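Shown next, in C-alpha cells, is the structure this report addresses.
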Amino acid sequence: MTEVIKIKKKIIENNNLKELMEEEAIKRGAELLKQGEIVAFPTETVYGLGADATNAAAVKKIFTAKGRPQDNPLIIHIAERNQLKTLSDREIANDVLNLISKFWPGPLTVVISKNKKIPAVTTAGLDTVAVRMPSHPVALALLKLSSLPVAAPSANSSGYPSPTRAEHVYEDLKGKVPLIIDGGQCSVGVESTVITVKNNKIEVLRPGGISPERLAEVPGYSVYFIDGKYKNSSPPSPGMKYRHYSPRTPLILVDRKQLDKIDDLLKDYTNPVFLITEETKKTGIISSSKNIIELGSRKNLKQIAYKLFDLLREIDKSDYDLIIAEKLPENGLGKAIMNRLHRASIKKHIN
Ligand code: TXA
Ligand code: MG
6 MTEVIKIKKK IIENNNLKEL MEEEAIKRGA ELLKQGEIVA FPTETVYGLG ADATNAAAVK
66 KIFTAKGRPQ DNPLIIHIAE RNQLKTLSDR EIANDVLNLI SKFWPGPLTV VISKNKKIPA
126 VTTAGLDTVA VRMPSHPVAL ALLKLSSLPV AAPSANSSGY PSPTRAEHVY EDLKGKVPLI
186 IDGGQCSVGV ESTVITVKNN KIEVLRPGGI SPERLAEVPG YSVYFIDGKY KNSSPPSPGM
246 KYRHYSPRTP LILVDRKQLD KIDDLLKDYT NPVFLITEET KKTGIISSSK NIIELGSRKN
306 LKQIAYKLFD LLREIDKSDY DLIIAEKLPE NGLGKAIMNR LHRASIKKHI N
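Counting from 6, one number per residue, gives the positions in the sequence shown under our numbering.
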C-alpha cells in the first residue's frame, strides 16, 4: 500500500519549518524514517526516495524499490551543517566549507571522506560520501523532524527519467513505498551538481542544478569536468556508467541545423515526434504536419530543465515511436540538460 499525502501549496510557500513540522505528512514521514522505512519526498531538484542513511537494512529497501544497481552510491541529505561531523571524522577542508556556505541549502552535492557510521551499502563500498542540504521546505522539515541524515536517490525506477512530480513517483513506485509526500512540482527539474573539491579545484562529477559558471564565479576556484573520460575504466562517480534518464521511446539527439536532413532515418519509424525549441519551430524547418512538442526557448534553459523529465514521461504515454530531440546550448543549465539527454539517447547523434 502506498499512501500519498499532499501538502498545501500555501503552506509550502510560507516556508516556515515549524509550521511544516506540524503537518501530518511530515510527521508520518519522519516516523517512518525513524522506524527504518523508506519515504518519497520532494526536493527542489527532483523527488527523492529516502531512508535513514545509518541504517543498512533501511537503505537496502531503497535499492530494492528502485531496482538500483548495488554499486551506485547514494546522496545523503542533511538539514544542518553540523550534521557533517556525524558523517565524516576528518575536518572538512576550508575550500569545501566556503562553497557550502555559498550554495547550501541548494542543488550542490559535495563528496567528502566518510566515517564508520555510514554503512557500506549507502556508499556502495566507497570510502567517500556524497552530501547535500536541499532547499525545499518540505525536505528540510522532514530532515529536521526526523533528526536523521537521509540517504536519497531520485525516486524513480532505476534508469527511467527522474520524478519531478509526486504522480511520477506513484507511477514508478506504487506498492513499493509506504508514503509519498506530495509537495507539487520540483522547481529546478534536474538533479544536483555533484562535485569533489581539492586545493580549490572543483571537479564536476555530474552537472546539475548549480551551473559550472556559477561555481567558477566563486573567487579562487577553478572548475573541471570529468564526463566522457571514464567510459571504459572505473568512473569516480559510479552512476556515470549507466544509461539513465531514458524514456522507453528511443531518443536521438540532432543538431538543429540537421533537423531537415534525417529523412533516411525517419523511414524506419511510423510516428516520430520532434522535441524542439520555440526558435527552431518558428524557422519552419520542421513542417507543421509533423508531430512537434515545444521544449521552450533556447534562451530560457531554466524553463527547459523544469519541464524536461515531465515531457519525456508524457511522450512515453503517447504512441510515438521515436523522439528527435534538438541539441541545446551547453551554457548554464544547458550542461546538465544535455548530459541527461545524451544519457537518455540511443547513441545515434546527428551533428
Ligand atoms: O538532486 C539530487 O541529487 C537528487 C535529490 C533526490 O537530492 N538525488 C539524486 O540521487 O539525483 P541519485 O542517486 O539519483 O544520484 C546520485 C549521484 C550518482 O551519480 C552517484 O554515482 C553519485 O551521485 N555519487 C553518490 N555518492 C558518491 C560518491 N561517494 N562519490 C562519487 N559519486 C557519488
Ligand atoms: Mg537518479
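C-beta atoms are modelled at their ideal positions from N, C-alpha and C, and glycine is treated no differently.
Nothing here was measured: the structure is a model prediction, and the numbers come from that model.
Rounded straight-line distance, which links the Cα of residue j to that of residue i
i, j, result
"V182", "I291", "43 Å"
"L37", "L258", "42 Å"
"K90", "I123", "12 Å"
"M6", "G180", "5 Å"
"K71", "A341", "22 Å"
"C165", "A58", "A small correction: the amino acid at residue 165 is Tyr; Cys does not occupy that position in the sequence shown. Taking the straight line joining both Cα atoms gives about 23 Å."
"K287", "N161", "34 Å"
"L256", "D269", "16 Å"
"Q190", "K14", "10 Å"
"A100", "L306", "A small fix is needed here, since residue 100 is Asp in this sequence, not Ala. Using only the alpha carbons, I get a separation of about 29 Å."
"E85", "Y250", "30 Å"
"N197", "L79", "The displayed chain sequence assigns Ser, not Asn, to residue 197. Distance between the alpha carbons of S197 and L79 is about 12 Å."
"V115", "L271", "43 Å"
"A330", "D187", "30 Å"
"K66", "P112", "25 Å"
"V202", "L102", "10 Å"
"S152", "M138", "13 Å"
"K23", "A156", "23 Å"
"V228", "F108", "15 Å"
"I309", "F46", "22 Å"
"V64", "N296", "43 Å"
"G233", "K121", "Below a pLDDT of 50, predicted positions are generally treated as unreliable, and G233, at 48, falls in that range; no measurement from the model is reported."
Exposure label - residue i; buried when at least 16 CB within 10 Å
i, result
"I351", "exposed"
"A62", "exposed"
"N21", "exposed"
"E29", "exposed"
"N204", "exposed"
"T69", "exposed"
"P224", "exposed"
"D76", "exposed"
"S216", "buried"
"G130", "exposed"
"T50", "buried"
"K332", "buried"
"R95", "exposed"
"R253", "exposed"
"Y325", "buried"
Residue i, enclosing beta strand (DSSP E) - first and last residue
i, result
"T50", "Premise fails: T50 is in no beta strand (DSSP E) and is neither H nor E."
"V143", "Taken as a continuous stretch (DSSP letters only), V143 belongs to no beta strand (DSSP E), being part of the alpha helix (DSSP H) at 142 to 151."
"L333", "No beta strand (DSSP E) contains L333, which DSSP labels as neither H nor E."
"D265", "That residue, D265, is in no beta strand (DSSP E); it is neither H nor E in DSSP."
"V357", "The question about residue 357 has no answer here: the residues shown for the chain are numbered 6 through 356."
Endpoints, alpha helix (DSSP H) assigned at residue i
i, result
"K71", "61 to 71"
"H173", "171 to 178"
"A310", "306 to 322"
"D326", "No alpha helix (DSSP H) holds D326; DSSP gives it neither H nor E."
"I351", "Run containing I351: none; DSSP gives neither H nor E here."
"L92", "89 to 92"
For residue i, three-class secondary structure by DSSP
i, result
"L256", "strand"
"T133", "strand"
"A98", "coil"
"S227", "strand"
"V126", "helix"
"R211", "strand"
"I43", "coil"
"T114", "strand"
"L22", "helix"
"P217", "helix"
"D57", "strand"
"L280", "strand"
"N237", "Bear in mind that a pLDDT of 44 at N237, under 50, signals an unreliable position, so the number given afterwards is only what the model happens to contain. Residue state, collapsed to three classes: coil."
"I16", "helix"
"K272", "coil"
"T7", "coil"
"D76", "coil"
"E27", "coil"
Kindly provide the chain-ordered list of residues whose Cβ lies closer than 6 Å to any non-hydrogen atom of the ligand MG. The chain-ordered list of residues whose CB is nearer than 6 Å to some heavy atom of the ligand MG reads P158, S159, S167.
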